[in-house]
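Residue numbers for the sequence shown follow my numbering, so the first one is 14 and each next one is one higher.
Each residue gets a CB set at the ideal place from its N, CA and C atoms; glycine is no exception.
Report on the structure given below.
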Amino acid sequence: MQDFTGQPLDSKFRSVAQTFKQRGYATGAVVSAFVLDRTWGLARGFDFYDDAFSPEAFAKKDTGLVDRRAAESVNRAIAWLKKAQHRSFFFWLHLYDPHSPYDAPEPFRSEYKAHPYDGEIAYADQELGRLIAWLKSASLYDQSAIVILSDHGESLGEHGESEHGFFIYNSTVHIPLIVKPAARHGFRPGRISSPVETTAVASTLLQLAGISATTEKQFHPGLDLSASSGADNSAYSETFYPFSSFGWSPLHALQTSRYHFIDAPNPELYDLTIDPEEKNNIFSQQAATVSVLKDKLQKLLVQGPFRSTSAAAGVSPDAQEKLQALGYVSFRSPISKDALSKDLPDPKSKIAEFNSILRAEDAFHAGNNETGRKLLSEITASDPSMYIVPFLLGEASLREQKWQEAAADFKRCLELNPNFDQAMTGLSRALIYVGDDAGAKQWAQNALRQNPQNYHALHQLGFVESKTDKQAAIADYEKAVAIQGNFAILRRDLGMLYFQQQNYPKAAEHLAKAAEFGLNEAPLFNFLGVSYSRTDRLQKAVISYKRAIELDPSLAEAHLNLGYAYQRLNQSIASKREYGEACKLQQKYCELVPR
Numbered sequence: 014m015q016d017f018t019g020q021p022l023d024s025k026f027r028s029v030a031q032t033f034k035q036r037g038y039a040t041g042a043v044v045s046a047f048v049l050d051r052t053w054g055l056a057r058g059f060d061f062y063d064d065a066f067s068p069e070a071f072a073k074k075d076t077g078l079v080d081r082r083a084a085e086s087v088n089r090a091i092a093w094l095k096k097a098q099h100r101s102f103f104f105w106l107h108l109y110d111p112h113s114p115y116d117a118p119e120p121f122r123s124e125y126k127a128h129p130y131d132g133e134i135a136y137a138d139q140e141l142g143r144l145i146a147w148l149k150s151a152s153l154y155d156q157s158a159i160v161i162l163s164d165h166g167e168s169l170g171e172h173g174e175s176e177h178g179f180f181i182y183n184s185t186v187h188i189p190l191i192v193k194p195a196a197r198h199g200f201r202p203g204r205i206s207s208p209v210e211t212t213a214v215a216s217t218l219l220q221l222a223g224i225s226a227t228t229e230k231q232f233h234p235g236l237d238l239s240a241s242s243g244a245d246n247s248a249y250s251e252t253f254y255p256f257s258s259f260g261w262s263p264l265h266a267l268q269t270s271r272y273h274f275i276d277a278p279n280p281e282l283y284d285l286t287i288d289p290e291e292k293n294n295i296f297s298q299q300a301a302t303v304s305v306l307k308d309k310l311q312k313l314l315v316q317g318p319f320r321s322t323s324a325a326a327g328v329s330p331d332a333q334e335k336l337q338a339l340g341y342v343s344f345r346s347p348i349s350k351d352a353l354s355k356d357l358p359d360p361k362s363k364i365a366e367f368n369s370i371l372r373a374e375d376a377f378h379a380g381n382n383e384t385g386r387k388l389l390s391e392i393t394a395s396d397p398s399m400y401i402v403p404f405l406l407g408e409a410s411l412r413e414q415k416w417q418e419a420a421a422d423f424k425r426c427l428e429l430n431p432n433f434d435q436a437m438t439g440l441s442r443a444l445i446y447v448g449d450d451a452g453a454k455q456w457a458q459n460a461l462r463q464n465p466q467n468y469h470a471l472h473q474l475g476f477v478e479s480k481t482d483k484q485a486a487i488a489d490y491e492k493a494v495a496i497q498g499n500f501a502i503l504r505r506d507l508g509m510l511y512f513q514q515q516n517y518p519k520a521a522e523h524l525a526k527a528a529e530f531g532l533n534e535a536p537l538f539n540f541l542g543v544s545y546s547r548t549d550r551l552q553k554a555v556i557s558y559k560r561a562i563e564l565d566p567s568l569a570e571a572h573l574n575l576g577y578a579y580q581r582l583n584q585s586i587a588s589k590r591e592y593g594e595a596c597k598l599q600q601k602y603c604e605l606v607p608r
């Protein structure tokens with residue numbers, strides 16, 4: 014798994030969490046962004062994987078931008094740790110705040126007004142400190158091994174890149190890695206000065222726990238924590254973002270304690286001892302050094318543990334050879350055969366185009382759709398084969414409820430990248446709203462053939478089938494819930510299907526989950542109340558009806574149902590009051606009031 018445009022983590026790989034779970038540990042995780050949603054296979058081995066985000070976040074943002082603040086994630090982390098603290102546990106906390114747009118809460122927003130990224134760092138640091146303080150108060154800190162790292166930095170304008178992922182200079186790949194062993198572990202404090210790959214962290218975790226497992230073979234060897242500095246190891250890094258999303262060349266790099274070699278169409282070499290900001294490319298001056306590092310890099314690409322042995326689906330042998338030379342190991346390539354036959358552009362030559370795409374996305378998110386479309390149309394004029402542009406246009410059209418335009422955009426995207434399941438899902442959604450249920454069903458099924466874990470496609474398939482075959486729709490929704498049970502809207506829709514089938518226990522189960530995951534809709538609580546009432550849980554029914562009325566005091570049906578519940582509880586005064594309110598709001602309900 015190299016990026017989030019392809020397939021989930023292959024089932025042949027075991028996760029560190031699976032190893033800990035097998036050894037009897039309680040395993041938990043709290044993630045703060047949808048990009049780590051369980052759809053990608055990352056929940057494997059966790060007893061508890063909290064990737065539930067508010068329904069409002071899905072309504073206001075593109076799916077890939079859905080996240081939550083550190084405070085909420087730390088609260089959820091502490092809640093789980095309180096339950097697990099009496100046994101050995103493995104826990105992963107992921108915080109996402111230092112990502113664009115930089116909008117830390119107060120007082121950090123004001124304090125770091127001139128440097129908003131620093132404000133996000135300070136806020137995340139405060140919340141992480143709160144977790145560390147809780148571990149100490151629970152007498153867990155000393156006996157716990159703790160590893161803290163980032164997955165990337167932020168360029169903040171260096172080399173023309175404003176964020177991360179496009180280049181692999183040290184502004185983004187040189188990150189913090191802090192290891193605190195458990196007390197009495199025998200390790201002395203020190204610093205490892207040579208480069209370390211993040212792939213070493215997995216083996217280090219097992220090493221800290223005293224676990225020897227075959228899982229370690231998947232990763233770089235663990236850190237040598239017995240020494241204050243290791244040998245002059247080299248560390249590999251890569252980015253396939255320019256390739257997978259835009260059709261430009263991927264980048265590979267190898268770094269030693271002195272040199273950083275970046276293999277690109279226009280290669281780069283930097284001497285970090287005198288040029289830490291990587292401003293002076295000395296590639297042409299150091300032929301011998303380049304030869305050694307390039308040879309070592311090529312051997313890593315050929316012999317690496319992540320090398321795929323199967324050919325990419327639908328790709329010719331010649332193209333497959335080109336993909337392997339590029340280091341690409343995904344199941345399929347979004348790049349056309351014609352493009353693969355040519356030299357792919359160096360991302361350095363495309364940074365202005367890339368920044369235009371980012372500005373277009375920012376404009377869309379700010380509601381300035383005209384600006385976003387203008388920027389993307391300029392890119393299309395210069396590079397009409399870039400599939401990500403019609404995809405972004407389709408997403409924008411969906412937000413604007415321009416269903417016909419969205420369908421056309423996604424179709425254009427799929428002409429350029431026929432295997433992109435997220436575009437298929439978007440097209441399915443657009444077709445639902447233009448009344449083409451057959452087309453919507455077909456594209457949802459196509460998306461599922463590409464990615465069986467795409468629960469959004471299952472949700473849309475169920476929505477279409479609910480019009481003609483409710484049992485088939487329930488089956489679709491249940492499959493989706495089995496993949497992602499934390500999606501509130503999905504739970505609501507499944508609960509309502511069960512309600513229509515008069516399966517009130519199941520309806521209550523799923524409607525309650527939708528409410529638990531943050532869906533605050535008056536009709537939801539009204540139907541949840543009915544489900545409770547039909548299963549003789551009257552006190553819960555009363556609470557649900559009251560919540561519905563709190564959200565929408567004019568919901569006459571909720572008043573009427575609350576009146577029924579009070580009557581069954583022999584609370585006649587309260588019952589009459591609610592009947593009167595229902596009758597006042599909707600004349601037709603007067604006839605339904607018991608005499």
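Query	Result
Beta strand (DSSP E) segment containing Trp-621, residue limits	This structure does not reach residue 621, given that the chain is present from 14 up to 608, and the question cannot be answered.
Helix, strand or coil at Tyr-38 according to DSSP, with G and I counted as helix	coil
Rounded separation between Gly-170 and Ala-365 - CA only	12 Å
Cβ pair count under 8 Å reaching 3, the segment 558-578 against the segment 586-605	yes
Where Val-29 falls, given that 16 or more other Cβ within 10 Å makes a residue buried	buried
Any beta strand (DSSP E) of 3 or more consecutive residues that is wholly inside the segment 135-213	159-162, 190-193
Bounding residues of the alpha helix (DSSP H) (the contiguous stretch that carries Ala-501)	501-513
Boundaries (first-last residue) of the beta strand (DSSP E) holding Gln-268	264-268
Counted within 10 angstroms of its Cβ, other Cβ atoms place Asp-434 as buried (16 or more) or exposed	buried
Given Val-402 as reference, the closest of Arg-51, Leu-429, Gly-498, Ala-277 once Cα atoms are compared	Leu-429
Residues bridged to Ser-250 (per DSSP)	Ala-266
Three-way DSSP call (helix, strand, coil) for Leu-537 in this model	helix
Inter-residue CB distance, Val-214 and Val-303 (contact presumed, cutoff 8 Å)	29 Å between Cβ atoms; not a contact.
Residue closest to Phe-259, alpha-carbon to alpha-carbon, out of Lys-126, Glu-281, Thr-393	Thr-393
Span of the beta strand (DSSP E), counted from its first residue to its last, around Leu-568	Taken as a continuous stretch (DSSP letters only), Leu-568 belongs to no beta strand (DSSP E), as it is neither H nor E.
Closest by C-alpha distance to Leu-314, when choosing among Phe-274, Tyr-249, Arg-372	Tyr-249
Gln-337 versus Lys-312 - alpha carbon distance	Bear in mind that a pLDDT of 43 at Gln-337, under 50, signals an unreliable position, so the model cannot answer this.
The segment 365-385 contacting the segment 171-191, beta-carbon criterion three pairs below 8 Å	yes
Residue span of the beta strand (DSSP E) that contains Asp-116, given as start and end	Premise fails: Asp-116 is in no beta strand (DSSP E) and is neither H nor E.
Beta-carbon proximity list for Met-437, same chain, < 6 Å, skipping 5 on both sides	Trp-456, Asn-459, Ala-460
Where Leu-236 sits in the DSSP three-state scheme	coil
Neighbourhood of Ile-445 by C-beta distance below 7 Å, restricted to the same chain and skipping five residues each side	Ala-453, Gln-473, Phe-476, Val-477
Whole-angstrom distance between His-378 and Leu-221, CA atom to CA atom	43 Å
Every unbroken alpha helix (DSSP H) inside the segment 345-433 [4 residues or more]	350-353, 364-378, 382-395, 401-412, 416-429
CB of Arg-550 within 8 Å of CB of Leu-532, strictly	no
Cα-Cα separation, Gly-448 to Ser-567	32 Å
Candidates Gln-268, Ile-562, Leu-153, of which the one nearest Ala-97 by Cα	Leu-153
Pairwise C-alpha distance: His-469 and Asp-284	47 Å
Extent of the continuous alpha helix (DSSP H) run through Tyr-468	468-478
Cutoff 6 Å; reference Lys-480; Cβ partners in own chain excluding five residues on either side	none
Exposure of Pro-202, with buried meaning 16 or more beta-carbon neighbours within 10 Å	exposed
Cβ-Cβ separation, Asp-64 to Asp-609 (assumed contact under 8 Å), whole Å	Lying outside 14 to 608, the shown extent of the chain, residue 609 is not represented and no answer is given.
Per-residue burial, Gly-508 [other beta carbons within 10 Å of its own, 16 or more giving buried]	buried
Member of Asp-422, Asn-382, Ser-168 whose CA lies at the smallest distance from the CA of Pro-397	Asp-422
Cβ neighbours of Leu-218 in the same chain (closer than 7 Å, five flanking residues each side left out)	Val-29, Val-160
Asp-131 beta carbon less than 8 Å from that of Tyr-125	yes
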